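Peer 1:
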Amino acid sequence: MTTLLSPRPAILDERISMKYGAGGRAMRALIEGVFLAGAAEAPNGNGFAVGLSAMDDGAAIRVGDRWLVITTDSHVIHPVFFPGGDIGRLSISGTVNDLAMMGATEVLGLTCGVILEEGFALDDLRRIQASLADTCREAGTTVVTGDTKVMGKGELDGIVLNTTGIALTDRVVPDSGLRPGDVLIVTGTIGDHGMAVMAARHGLDLEGELRSDVAPLNGLIRAMLAAGGEDVVAMKDPTRGGLASALHEMASKAGVGILLYESAVPVAPGVRAAAELLGIEPLHVANEGKAVIGVRPGAAQRVLKALRGHPLGRHAEIVGTCLADPPGALVLDTGFGRRLLAEPEGEPLPRIC
Amino acid sequence: MCLGVPGKVIEIDGILATVDFWGVRRQIRLDIVDEPVAPGDYVLNHVGYAIRRIPPEDIGETLELYESLLADSTDEDLMAADVRGELAAGEVRK
Amino acid sequence: MIPQEGGFAQMKFRDPARGKALAAELERLAREIGREPITLMHVCGSHEQAIARFGLRATFPPSVDLIMGPGCPVCVTDLPEVDEAVALAKSGVRVATYGDMLKVPGRVFSLADAQSEGAKVDVVYSVSQAVDLARSTDEEVVFFSTGFETTAVATAAVILSPDRPRNFSVLSAHKYILPAMEIVAEIPGTRIEGFLGAGHAAAITGWGIFEPFAAKYGRPVVVAGFEPLDILAGLVKLLEMVRDGRGGVANMYPRCVTKEGNLRAQEQLWRVFETSGGEWRGIAFVPDGNLRIREEFADVDARRRFDIDVTSLWTTAPSELAKDCICGGILSGLASPHDCPMFGKECLPDRPIGACMVSSEGACRIWHQYGGRPDLRTLTPQPPLPSPPSLPHRERGSEQTTEVRV
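Protein chains in written order, with the numbering used here: chain U, -14 to 338; chain Y, 106 to 199; chain V, 9 to 414.
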């Protein structure tokens, strides 16, 4: 048995800083230390299958002989329009994908709450609304109710969108179902969204193919589940914190080790080049149109084939396997040697050394 | 200490060069580099400045240097040791 | 299939097969030397980054202990220097800096903390972006500049440029590496037998600058690049020199480093900067270790342009903890993080005291995160690992041909 001490629990600061929203250890510590502390546990048995304490992508509630999956997500992004997408497309995709990651690909409907900053341009709002509607059509769903608020100038940065979604499914796929021997598949290139946004945000003046991958994945996941069935045992969308953060969470919830083969992880040439230039690890960069899927080893090729048959899964690859030991750790095989791949702390930034 | 990334010069406009880093392009400045730079040249970029023109022949030279290190481990005869000694004398400047 | 074959992924200097051969050569040399530990030091944050990123430590012989010297300029930036930048930002001046510096705390705050309280702080990739920022506004823009001589040259070029905007100035935290190497080499009882020199600093200064150092301390210096093969080959050369008891300097990075270095850059560097002594965070007072803007350029020196009041930051007395920090001992291989009474108590990744906790690759940070220095060799499960996933047939994109891989 390899002796690796488990990471120490993070300590919460007196004031909230940006790292608590970056999707890594700090954010989980905040949820565990504030929101879960004192919250009543969801009624077990006749009610909730997956509640808040599971810290999964959403919750699942038994309704008749099916599961109702519900999830909510708030969206802030700067800039609001970025190469490959905008906040409207992001907010629909984010919620549809969180439902899909639970196995719920038939979306019944979405809610959309909008908070605007005084002075926000109406034309921009129209563009966002059009994009929102287009993305809904792509996902085969619609916004069924909404809410609008306006706040004073400087009280928020332009626009905040909150979307809640509900969907029904016969089988819930948790993010904790991995066991040793399982195979991990990513549905396409890694790091596209975060790199495109970072380049736009910091005025890096990079010319090249840097486009967000933001897209609703429920169609892809539906096709994949039809092929993989019960052998699909865990799913997660590697958003903030990137693939590294998603795999850390899956490994720690399931108590398995994950061995990731760096050379197998698909990275678009533009993203790889930008990552080299800025000194950023692509595995730490956010995605908004990708999933990482854990399957039983016998189903790997079947699932891969189904993914590649869908336009959003053309670049799917097998990227890793699960080990019994060391539990909870993410080990990266670089081709030269192995190393522990840490979870990112906060948003990645360009560096000079 | 310093993240340096090589890239290929595509175009030059005065003190600015458009450099291709195998997938993304960025303008970098030529205030510091100490040799004339032309399109097609490789340069080493640090924080948006070219700090060195990389002569293509030097790339081969570096690789040969590494190969010679590896040759050390396989050839155990005395003659090879002599050659290695000469090589080392050339590389190591006291 | 994404054309992984193109670009950086296929660079010759990242060929794992050649890497394995060089690693085997390291093993052979370590056996020949026959004692342990063989302590070597690199003095470059980017070497550590590359070693960590490519998992190279797992390929080193167990007897070789390659320690991280004071080569991360961000980590060694002293608390009062960060305080100056934070004080400027809090006083309403727009502060631009490199991404590495944003989260590094001073005695009370980091620039990120100031930013979350509303101060104007911009992350830039290049000093020239900070100049553009100044051109686009009437506000005062201060560039908080960190980095060793390689980075300082870019700052010097901006300061020398005739069309630099009037509202632009520089708060220099630039450092000069050679004096710090001397400090480390002079620590009594040090076991360091050889140094891996930083290739990109040497691209500016030339490898010749290490000759007096190597002669004075009788230890070899090998200048190496930053790709996996560059580092492994540099270590092979260094072990050869250690085995043979040779001093001197070897240049294993000839594609970027010459003996004289970049004379044009040196001319700009020394026209703008002069060395001065300064504290390096958690290490020591380093005579001639800081780069200060010369009097001639006082108008662009933020320290002369503004009355920076760092005491305004301190709601309570500044921490005296820094004096108990043992980073100097850790960086010279004489101590481990567990020897430090503050490790994991007062000194944490979120609020680091010394350089070794600031850097994401610093010894203290890694020990804190993983409960010790993880030995990745033991991570190889027995029986051997599952072989790399058998990848199904890949449709190849059009094979990219690139003439030269640098």
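The beta-carbon is built from N, C-alpha and C at its ideal position, and this holds for glycine as well.
Note that the structure is predicted; figures quoted are calculated from it, not measured.
Would you mind telling me which residues of chain U sit closer than 7 Å to residue 152 of chain Y, beta carbon to beta carbon, in chain order?
Peer 2: By Cβ distance, chain U contributes 337.
Peer 1: Roughly how many angstroms separate the alpha carbons of residue 302 of chain V and residue 309 of chain V, rounded to a whole number?
Peer 2: Near 9 Å, if we compare the C-alpha coordinates of residue 309 of chain V and residue 302 of chain V.
Peer 1: Are there 16 or more other CB atoms within 10 angstroms of the CB of residue 120 of chain Y, so buried, or fewer, so exposed?
Peer 2: Result: exposed.
Peer 1: Once DSSP output is grouped into helix, strand and coil, what is the label at residue 52 of chain U?
Peer 2: If DSSP states are grouped into helix, strand and coil, residue 52 of chain U belongs with the strands.
Peer 1: Would you kindly work out how many angstroms separate the C-alpha atoms of residue 152 of chain Y and residue 161 of chain Y, rounded to a whole number?
Peer 2: Residue 152 of chain Y and residue 161 of chain Y: Cα-Cα distance of roughly 22 Å.
Peer 1: Please check if any C-beta of chain Y sits within less than 8 Å of the C-beta of residue 259 of chain U.
Peer 2: Judged by the 8 Å Cβ criterion, residue 259 of chain U is in contact with chain Y.
Peer 1: Thinking C-beta only, is residue 279 of chain U closer than 8 Å to residue 162 of chain U?
Peer 2: Taking 8 Å as the Cβ cut-off, residue 162 of chain U and residue 279 of chain U qualify as a contacting pair.
Peer 1: Less than 8 Å separating the beta-carbons of residue 95 of chain U and residue 120 of chain U?
Peer 2: It is not a contact, given that the beta carbons lie outside the stated cut-off.
Peer 1: Check each candidate in V:229, V:208, V:345 and name the one with the smallest Cα separation from residue 273 of chain V.
Peer 2: Residue 273 of chain V has its Cα closest to that of V:208, out of V:229, V:208, V:345.
Peer 1: Do residue 187 of chain V and residue 294 of chain V have their beta-carbon atoms positioned less than 8 Å apart in this structure?
Peer 2: Yes. Within cutoff.
Peer 1: Determine the closest residue to residue 144 of chain V out of V:176, V:165, V:154, with distance taken between C-alpha atoms.
Peer 2: Cα-wise, what sits closest to residue 144 of chain V is V:176.
Peer 1: Let's test the definition: count the other Cβ atoms within 10 Å of the Cβ of residue 248 of chain V and tell me whether it reaches 16, buried, or not, exposed.
Peer 2: Residue 248 of chain V should be labelled buried.
Peer 1: Judging by CA-CA distance, which residue of V:336, V:129, V:297 is the nearest neighbour of residue 185 of chain V?
Peer 2: Nearest C-alpha to residue 185 of chain V: V:297.
Peer 1: Using a Cβ cut-off of 8 Å (strictly closer), state whether residue 177 of chain V contacts chain U.
Peer 2: Chain U contact via Cβ: absent.
Peer 1: Give me the Cβ distance between residue 191 of chain V and residue 178 of chain V, rounded to the nearest whole Å; I'm assuming they're in contact under 8 Å.
Peer 2: Not a contact, Cβ separation roughly 26 Å.
Peer 1: Spatial neighbours of residue 178 of chain Y within its chain, please: C-beta separation below 7 Å, excluding the five flanking residues on both sides.
Peer 2: Confidence at residue 178 of chain Y is low in this model, with a pLDDT of 46, below 50, so the placement of that residue should be treated as unreliable; the coordinate-derived value is given next. Closer than 7 Å at the Cβ level, and outside the excluded window around residue 178 of chain Y, lies no residue.
Peer 1: Residues in the same chain with beta-carbon distance under 7 Å from residue 104 of chain U, minus the five sequence neighbours each way, listed in chain order, please.
Peer 2: The residues are 138.
Peer 1: Taking contact to mean at least 3 C-beta pairs separated by less than 8 Å, is the region 290 to 298 of chain U in contact with the region 210 to 220 of chain U?
Peer 2: With a cut-off of 8 Å, the region 210 to 220 of chain U and the region 290 to 298 of chain U count as touching, because enough Cβ pairs lie within range.
Peer 1: Return no unless some Cβ of chain V is closer than 8 Å to the Cβ of residue 216 of chain U.
Peer 2: No, because no Cβ of chain V sits closer than 8 Å to the Cβ of residue 216 of chain U.
Peer 1: Tell me whether residue 308 of chain U is buried or exposed, calling it buried when 16 or more other Cβ atoms sit within 10 Å of its Cβ.
Peer 2: Residue 308 of chain U is buried by the Cβ-count criterion.
Peer 1: Hey, does residue 255 of chain U have any beta-carbon neighbour from chain Y nearer than 8 Å?
Peer 2: It does: the Cβ of residue 255 of chain U has a partner Cβ on chain Y nearer than 8 Å.
Peer 1: Might you give, ordered along the chain, the residues of its own chain that have their beta carbon closer than 7 Å to the beta carbon of residue 312 of chain U, omitting 5 neighbours on each side?
Peer 2: These residues qualify, in order along the chain: 240, 241, 242.
Peer 1: Going by other Cβ atoms of all chains shown within 10 Å of its Cβ, with 16 needed for buried, is residue 63 of chain U buried or exposed?
Peer 2: With fewer than 16 other Cβ atoms within 10 Å, it is exposed.
Peer 1: In terms of residues, what are the limits of the alpha helix (DSSP H) holding residue 288 of chain V?
Peer 2: Where residue 288 of chain V is concerned, there is no enclosing alpha helix (DSSP H), although the beta strand (DSSP E) it sits in stretches over 281 to 288.
Peer 1: At 7 Å on the CB atoms, spell out the chain Y contacts of residue 264 of chain U, in chain order.
Peer 2: Per Cβ cutoff of 7 Å: 108.
Peer 1: Tell me where the alpha helix (DSSP H) around residue 180 of chain V begins and ends.
Peer 2: Taken as a continuous stretch (DSSP letters only), residue 180 of chain V belongs to no alpha helix (DSSP H), being part of the beta strand (DSSP E) at 176 to 182.
Peer 1: For residue 166 of chain Y, which residues in chain V fall below 8 Å Cβ to Cβ?
Peer 2: Within chain V, the residues near residue 166 of chain Y are 262, 263.
Peer 1: Below 8 Å, how does it come out for the region 50 to 57 of chain V and the region 78 to 97 of chain V: are there three or more Cβ pairs, yes or no?
Peer 2: Cβ pair count under 8 Å is three or more, so yes.
Peer 1: Closest to residue 188 of chain U by C-alpha separation, out of V:260, V:281, V:132, V:181, would be which residue?
Peer 2: The shortest Cα separation from residue 188 of chain U among V:260, V:281, V:132, V:181 belongs to V:132.
Peer 1: Measure the C-alpha to C-alpha separation of residue 392 of chain V and residue 34 of chain V and round it to an integer number of angstroms.
Peer 2: At residue 392 of chain V the pLDDT is 38, less than 50, meaning the model places this residue with poor confidence; the figure from the coordinates comes in the next sentence. Distance between the alpha carbons of residue 392 of chain V and residue 34 of chain V: 23 Å.
Peer 1: Hey, which unbroken runs of the alpha helix (DSSP H) at 4 residues or more fall wholly within the region 229 to 299 of chain U?
Peer 2: DSSP runs (the alpha helix (DSSP H)) wholly in the region 229 to 299 of chain U: 254 to 263, 285 to 293.
Peer 1: By alpha-carbon positions, which one of U:99, U:81, U:49 ends up nearest to residue 61 of chain U?
Peer 2: Here the closest residue by C-alpha is U:99.
Peer 1: Please confirm whether residue 131 of chain V has its beta-carbon closer than 8 Å to some beta-carbon of chain U.
Peer 2: True, the Cβ-Cβ gap to chain U drops below 8 Å.
Peer 1: Any beta carbon from chain U within less than 8 Å of residue 274 of chain V's own beta carbon?
Peer 2: Cβ-Cβ to chain U under 8 Å: no for residue 274 of chain V.
Peer 1: List the residues of chain V whose Cβ lies closer than 9 Å to the Cβ of residue 115 of chain Y, in chain order.
Peer 2: What residue 115 of chain Y touches in chain V: nothing, since even the nearest Cβ is about 14 Å away.
Peer 1: Leaving aside the five residues before and after residue 193 of chain U along the sequence, list all residues of the same chain whose C-beta is less than 8 Å from its C-beta, in chain order.
Peer 2: If we look at residue 193 of chain U and ignore the five residues flanking it on each side, its Cβ neighbours are 255, 258, 259.
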